[in-house]
DNA sequence: CCAGTCATGTTTATGGCGTACACCTGGTGT
DNA sequence: ACACCAGGTGTACGCCATAAACATGACTGG
């Protein structure tokens, strides 16, 4: 059973959820190791994060780290949670302003910002990562944003997972491009620009050629903004559909709070005048007014 | 300039787009290496793909591979294209049945199936992968599905990228879980079921706790089906919006072909009666009839 | 027929990685 | 005085990709 700490996930849980009450030692400590790891990964990416380099950065031998951290994987888990505490929504208190869409979008953007500061976050792969308190707080934040819509529990979870993976996926795209530039010294555009032998072959494909000639590849969309808007639209549609099909007590289309059906006449769509106004304004502006910045 | 084939992308292009006219040799050959690589990765994942093991499987030394393939990365590129030819839409001929949504969804499902047969496909990361002919054919297929909608070129490309990354992201989720099971011998559910020390801490988070008690985590949604439906809904909304805002010549809401506006009266929404019928049926059935199979 | 060249496979070596294991060392409790 | 132990060290193993030099056999021009 007790086959060493390296393979014991419960020990990892203890480290992640440890209380802050550690006496400030002068030698090594978990926190110093984690912080050094974050610095290193920020600078060199997750691939550049090695136990050797972390130890070197701290002025100790490689193996000294293992007195404090079970292994590299667990160090990464700890780094993730360390970093997850950097933005506002990390605490246990859930902010409740705005309707579900505003709140969920805010969460997505926060995740996006987090990954801009720490690109390696998107590179962390593999299931079975034990989440720490700050990571869970973010998850709670997202869930609570969607939970108010009245969607069934499994769909709430699915929505949050979908958005979360979207953010990760888009972040990964950037990281990989940046990594390639860092290693080769050649910029993205420069590199692809030099692939003439490839482009020649692409003339055989009519749609690609046409889109190319129309400039679609020269002035691409902001994939994060574009994808996020589509995703939220799709989710909104689901929520509206669920609302329409629930016939006893409806849910406000905007904020999702229940609204009782009047005895006679047309069922109300909004819980309040302000929500109706919000919906109107959103229809007008086409809803992505804030996403275009140029 | 000529700094060895390992760093020359143009050489990689040549390998990927090579003509099939290779004399069948009895020793090593590019194709044999690529096929061995695919087998290995199918069995052990991309992490288990090492030059040593590929060579071993073929009965040669490690370095012999380098006489045919520039390096591991290029081998992976070749494997990707090899495998991309396994489904129908790999040829240069574009199938044109159905409206954009049917076609794009079919592409997504094909990509999904491909990754079920070769899970390592989702693990292939890093920008600057030179695409081979079969990979490009798939891309062309997807682009042509969306190009008919009349969306501006950059948005067509963004839509296809979005859907493609979604498929990859969901596939990655499965791979990682499967990988963890393979390595540890413990199933996903079993492992998470044993994390009591973690779950205890989660009671502090009200939304998570509530969703948990309501069984949201026990009977999860099919994340691929769920996400795909939301995504396509969101894209459809974009297309409709673009249609409404184009006032001279409209586009059929269903199949995207242009439809001229009558001199007087309300502009037509559909290009034909069959498209109108299709839209009607889709509104009726809630559009995801084919996605639920149980 | 011989010499030169080329394609192909092998050997050896370098530098990187995570981490198991035995060891040392100084402080603490008994 | 003693054992114990947390924390830091040094060495070693097995894995990885791949560079560089080398071997071999087939083909080719003279």
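Chains as they are written, first to last, in our numbering: chain D, 1308 to 1601; chain Y, 1308 to 1601. We put the beta carbon where it would ideally sit given N, CA and C, even for glycine.
For residue i, count neighbouring Cβ atoms within 10 angstroms of its own Cβ and tell me buried if that reaches 16, exposed if not.
| i | result |
| --- | --- |
| residue 1423 of chain D | exposed |
| residue 1536 of chain Y | buried |
| residue 1316 of chain Y | buried |
| residue 1449 of chain D | buried |
| residue 1512 of chain Y | buried |
| residue 1491 of chain D | exposed |
| residue 1350 of chain D | exposed |
| residue 1369 of chain D | exposed |
| residue 1600 of chain D | Below a pLDDT of 50, predicted positions are generally treated as unreliable, and residue 1600 of chain D, at 37, falls in that range; the measurement from the model is reported next regardless. Residue 1600 of chain D comes out exposed. |
| residue 1525 of chain Y | exposed |
| residue 1486 of chain Y | buried |
| residue 1410 of chain Y | buried |
| residue 1520 of chain D | exposed |
| residue 1510 of chain D | exposed |
| residue 1439 of chain Y | buried |
| residue 1326 of chain Y | exposed |
| residue 1528 of chain D | buried |
| residue 1475 of chain Y | buried |
| residue 1597 of chain Y | Only weak support is given to the placement of residue 1597 of chain Y: the predicted model assigns it a pLDDT of 39, under 50, and the question is left unresolved by the model. |
| residue 1403 of chain D | exposed |
| residue 1381 of chain Y | buried |
| residue 1451 of chain Y | buried |
| residue 1455 of chain Y | buried |
| residue 1501 of chain Y | exposed |
| residue 1354 of chain D | exposed |
| residue 1417 of chain D | buried |
Between which two residues does the alpha helix (DSSP H) holding residue i run?
| i | result |
| --- | --- |
| residue 1527 of chain D | Here residue 1527 of chain D belongs to no alpha helix (DSSP H), and DSSP marks it neither H nor E. |
| residue 1446 of chain D | 1440 to 1454 |
| residue 1476 of chain D | 1460 to 1491 |
| residue 1386 of chain D | 1379 to 1391 |
| residue 1426 of chain Y | Where residue 1426 of chain Y is concerned, there is no enclosing alpha helix (DSSP H), given that its DSSP letter is neither H nor E. |
| residue 1500 of chain D | 1495 to 1500 |
| residue 1358 of chain D | 1358 to 1365 |
| residue 1519 of chain Y | 1513 to 1520 |
| residue 1317 of chain Y | 1316 to 1323 |
| residue 1508 of chain Y | 1503 to 1509 |
| residue 1353 of chain D | From DSSP, residue 1353 of chain D is part of no alpha helix (DSSP H); its letter is neither H nor E. |
Just to check my reading of the structure: residue i and residue j have Cβ atoms closer than 8 Å, yes? What is that Cβ distance to the nearest angstrom?
| i | j | result |
| --- | --- | --- |
| residue 1358 of chain Y | residue 1372 of chain Y | 6 Å |
| residue 1606 of chain Y | residue 1384 of chain Y | The structure shown has nothing for residue 1606 of chain Y, since chain Y only spans 1308 to 1601. |
| residue 1453 of chain D | residue 1407 of chain D | 6 Å |
| residue 1348 of chain Y | residue 1437 of chain Y | Contact flag wrong, Cβ pair sits at about 18 Å. |
| residue 1265 of chain D | residue 1523 of chain Y | There is simply no residue 1265 of chain D to check, as chain D begins at 1308 and stops at 1601 in what is shown. |
| residue 1441 of chain Y | residue 1392 of chain Y | 4 Å |
| residue 1427 of chain D | residue 1534 of chain D | Wrong, their Cβ atoms sit about 21 Å apart, outside the cutoff. |
| residue 1446 of chain D | residue 1515 of chain Y | 7 Å |
| residue 1345 of chain Y | residue 1389 of chain Y | 6 Å |
| residue 1530 of chain Y | residue 1477 of chain Y | 6 Å |
| residue 1479 of chain D | residue 1430 of chain D | 7 Å |
| residue 1471 of chain Y | residue 1483 of chain D | With a Cβ gap of about 14 Å, residue 1471 of chain Y and residue 1483 of chain D do not count as contacting. |
| residue 1538 of chain Y | residue 1538 of chain D | 7 Å |
| residue 1540 of chain D | residue 1541 of chain Y | 4 Å |
Does any heavy atom of the ligand FAD sit closer than 6 Å to the C-beta of residue i?
| i | result |
| --- | --- |
| residue 1390 of chain D | The ligand FAD is not part of the structure shown, which contains no ligands of any sort. |
- prompt: In the stretch 1457 to 1481 of chain Y, which residues sit with their C-beta less than 9 Å from some C-beta in chain D, listed in chain order?
  reply: 1459, 1460, 1461, 1462, 1463, 1464, 1465, 1466, 1468, 1469, 1472, 1473, 1475, 1476, 1477, 1479 and 1480
query: When Cβ atoms are compared, which residues of the stretch 1418 to 1444 of chain D fall closer than 9 Å to chain Y?
result: Flagged, chain order: 1430, 1432, 1433, 1434, 1435, 1437, 1438, 1440, 1443 and 1444.
Contact list for the stretch 1352 to 1381 of chain D against chain Y, Cβ threshold 9 Å: For the stretch 1352 to 1381 of chain D, the beta-carbon criterion of a distance under 9 Å to any beta-carbon of chain Y is satisfied by none of its residues.
query: Listed from N- to C-terminal order along the chain, which residues in the stretch 1520 to 1544 of chain D have their beta-carbon within a distance smaller than 8 Å of any beta-carbon of chain Y?
result: 1521, 1522, 1523, 1524, 1526, 1527, 1528, 1530, 1533, 1534, 1536, 1537, 1538, 1539, 1540, 1541, 1542 and 1544
field: Chain-ordered residues of the stretch 1497 to 1521 of chain D with a beta carbon less than 7 Å from chain Y
entry: 1498, 1502, 1504, 1505, 1508, 1509, 1511, 1512, 1514, 1515, 1518 and 1521
- prompt: Taking Cβ-Cβ distances below 8 Å as the criterion, which residues of the stretch 1405 to 1416 of chain D are in contact with chain Y?
  reply: none
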